[in-house]
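Here is the structure we will look at.
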Amino acid sequence: GLVHGAGRRSTVTPVQKVIELLENMVNKGKEEKHTEQVQFAAYKQFCDDTTVDKKRAIKEAEEKIEVLKADIEAHTAHAARLTKEIAGHDDDIATWKGDMHAAGKVREIEKADYDAMHKDYSESVDALMRAIAVLKKQAYDRKQANSLAQVERLKALSLVPVQAKRAIDLFLQQDPEGLEVSAPEAAGYEFRSHGIIEVLEKLHDKFVDERTALEKAEMNSKHAHEMLIQDLTAQTEQATTDRGEKAETKAKKLQAKADAEGDLQDTTTTKVADEKYLSELTATCEQKASDFESRQQLRAEEIEAIEKAIEILSSSAVKGNADKYLPSLVQGRGAALAQLRAGRAIAPQERVAEFLRARGESLNSRVLSALAVRVADDPFAKVKKMI
Numbered sequence: 371g372l373v374h375g376a377g378r379r380s381t382v383t384p385v386q387k388v389i390e391l392l393e394n395m396v397n398k399g400k401e402e403k404h405t406e407q408v409q410f411a412a413y414k415q416f417c418d419d420t421t422v423d424k425k426r427a428i429k430e431a432e433e434k435i436e437v438l439k440a441d442i443e444a445h446t447a448h449a450a451r452l453t454k455e456i457a458g459h460d461d462d463i464a465t466w467k468g469d470m471h472a473a474g475k476v477r478e479i480e481k482a483d484y485d486a487m488h489k490d491y492s493e494s495v496d497a498l499m500r501a502i503a504v505l506k507k508q509a510y511d512r513k514q515a516n517s518l519a520q521v522e523r524l525k526a527l528s529l530v531p532v533q534a535k536r537a538i539d540l541f542l543q544q545d546p547e548g549l550e551v552s553a554p555e556a557a558g559y560e561f562r563s564h565g566i567i568e569v570l571e572k573l574h575d576k577f578v579d580e581r582t583a584l585e586k587a588e589m590n591s592k593h594a595h596e597m598l599i600q601d602l603t604a605q606t607e608q609a610t611t612d613r614g615e616k617a618e619t620k621a622k623k624l625q626a627k628a629d630a631e632g633d634l635q636d637t638t639t640t641k642v643a644d645e646k647y648l649s650e651l652t653a654t655c656e657q658k659a660s661d662f663e664s665r666q667q668l669r670a671e672e673i674e675a676i677e678k679a680i681e682i683l684s685s686s687a688v689k690g691n692a693d694k695y696l697p698s699l700v701q702g703r704g705a706a707l708a709q710l711r712a713g714r715a716i717a718p719q720e721r722v723a724e725f726l727r728a729r730g731e732s733l734n735s736r737v738l739s740a741l742a743v744r745v746a747d748d749p750f751a752k753v754k755k756m757i
């Protein structure tokens, strides 16, 4: 029964066990190779997608930086232009205020001159009217001599011309003695005032006309001053309004400039960070791709080496010898059979182990080196235990 059971188990030869081990290694290697391909494909997709995103972000940042720089330049230029315009408004406002002040002073002088002149004319006109009235109403006599004082006062008026003053003197000197020596019955003497009255009336009319012209000139001067002040005030108010609007716009432009400069700094910082990240990502992805290609190449060569080992073990000569001799070894006798088994079955195993060890060293493959050690182990150890 034991021999019969051992016979059934011996149908799977030690060489076939090694082939089975190698085939399992091939399948495992191919599975791991495929798994790594799937994993790397996902990682490569991440690299590609992230690279596209970062490049787009960097390009958008570059475009935004150009726009921001242009905005900053425009805001700076606009603010500078407004500064000059505001300074111009300030100069104009100061000039116009100075003009209004000066015009006010001139107007005060003109008004004072007018008032004084108008007073002189009015006093002169009033005095002439009184003198004329006196001369027309009176008859010249001693009793009324004092009334000529009205005529005498005309000589003190500054506006009365010299010629008129001489005429008044001549008139007053016409009766050197008559006031004291005339006969009592002569209540008066011939009134010779017709000439002087005519002079005084002409002078009166002249002063009235000149006063009227003075009043008209004053009215025109006052109106011109009011129009000048009105015009200067309007210009000053408009300039003040324009200055205020431009100052407000300037403040907004400077704020916009400051905002753009802050945005530029943030955008530049982000762009630099993105460029650094992209550079590091590119280097990492390239390194991982290189490592992946190396591992894939190594796995492919490892699989190829193992398949070659299987081919060696599965060659017709080896397989024939194994199928012919190895199953009968279990049914043979003692040490002779063991010696035969060792002499015929270990040779191909050693060839495979040596092949795998050489390929392991050539490819620097720990997998093949470890597998060579396993294949070199005595494949009949388990068979011996089964006999």
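First residue of the sequence shown? That's 371 in our numbering, and the numbers climb one at a time after it.
Glycine is no exception: its CB is placed at the ideal position from the N, C-alpha and C atoms.
Reducing DSSP to helix, strand and coil, say where residue i ends up.
i	result
Val382	coil
Val530	coil
Asn734	coil
Gln788	Shown here, the chain extends from 371 to 757; a query on residue 788 therefore has no answer.
Ser685	coil
Asp759	Because residue 759 is not part of the residues shown, which for the chain are 371 to 757, the question remains open.
Asp418	helix
Asp496	helix
Gln544	coil
Asp460	helix
Ala557	The predicted model places Ala557 with a pLDDT of 39, which falls under 50 and marks its position as unreliable; any figure quoted below should be read in that light. Of the three classes helix, strand and coil, the one that applies to Ala557 here is coil, per DSSP.
Asp469	helix
His483	In the sequence as presented, His is not what sits at residue 483; that position holds Asp. Residue state, collapsed to three classes: helix.
Asp539	helix
Asp629	helix
Asp490	helix
Asp747	coil
Taking just the CA atoms, how far does residue j sit from residue i?
i	j	result
Ile389	Ile676	10 Å
Gly458	Leu634	33 Å
Asp644	Thr420	11 Å
Asp483	Thr446	55 Å
Gln666	Ala411	13 Å
Ser591	Lys467	20 Å
Gln543	Asp496	24 Å
Pro531	Asp469	39 Å
Val437	Thr652	28 Å
Ala712	Asp747	Residue confidence for Ala712 is low, a pLDDT of 44 falling below 50, so the modelled location carries little weight; the figure read from the coordinates is stated next. Each residue's Cα considered, the two are about 13 Å apart.
Ser528	Phe541	19 Å
Phe416	Lys400	24 Å
Lys764	Arg426	Only positions 371 to 757 of the chain appear in the structure, and residue 764 is not among them; the question remains open.
Asp601	Ala626	37 Å
Asp511	Met597	Interpretation of Asp511 is limited by its pLDDT of 48, a score under 50 that renders its predicted location unreliable; no figure is taken from the coordinates.
Met395	Ile673	8 Å
Pro718	Ala740	18 Å
Thr453	Ala473	30 Å
Arg581	Ser492	8 Å
Glu406	Ser660	13 Å
Lys481	Lys475	10 Å
Lys616	Ala444	16 Å
Asp612	Ala604	12 Å
Glu681	Glu393	11 Å
Lys507	His471	53 Å
Glu650	Gly632	27 Å
Ile479	Ala628	54 Å
His564	Glu522	16 Å
Arg500	Gln520	7 Å
Lys586	Glu568	27 Å
Arg477	Lys439	56 Å
Lys489	Ala449	59 Å
Thr381	Glu731	35 Å
Gln608	Met589	28 Å
Can you check whether the CB of residue j is closer than 8 Å to the CB of residue i?
i	j	result
Ala594	Ile566	no
Ala534	Leu505	no
Glu656	Leu733	no
Lys434	Thr637	yes
Lys620	Ile428	no
Leu570	Ile502	yes
Val722	Ala679	yes
Glu402	Arg669	yes
My understanding is that residue i touches residue j, with C-beta atoms under 8 Å, so please give their C-beta distance in whole angstroms.
i	j	result
Leu648	Val385	Contact flag wrong, Cβ pair sits at about 56 Å.
Asp441	Ala630	5 Å
Ser735	Arg744	With a Cβ gap of about 14 Å, Ser735 and Arg744 do not count as contacting.
Tyr413	Lys658	7 Å
Leu498	Leu518	Not really, about 14 Å apart at Cβ, beyond 8 Å.
Ala431	Thr640	6 Å
Less than 7 Å between the CB of residue i and some heavy atom of the ligand ATP, yes or no?
i	result
Lys678	The ligand ATP is absent from the structure shown, which contains no ligands of any kind.
Which parts of the stretch 576 to 618 are runs of the beta strand (DSSP E), unbroken and 3 residues or longer, counting only runs that do not cross its ends? Listed in chain order, there is nothing to give.
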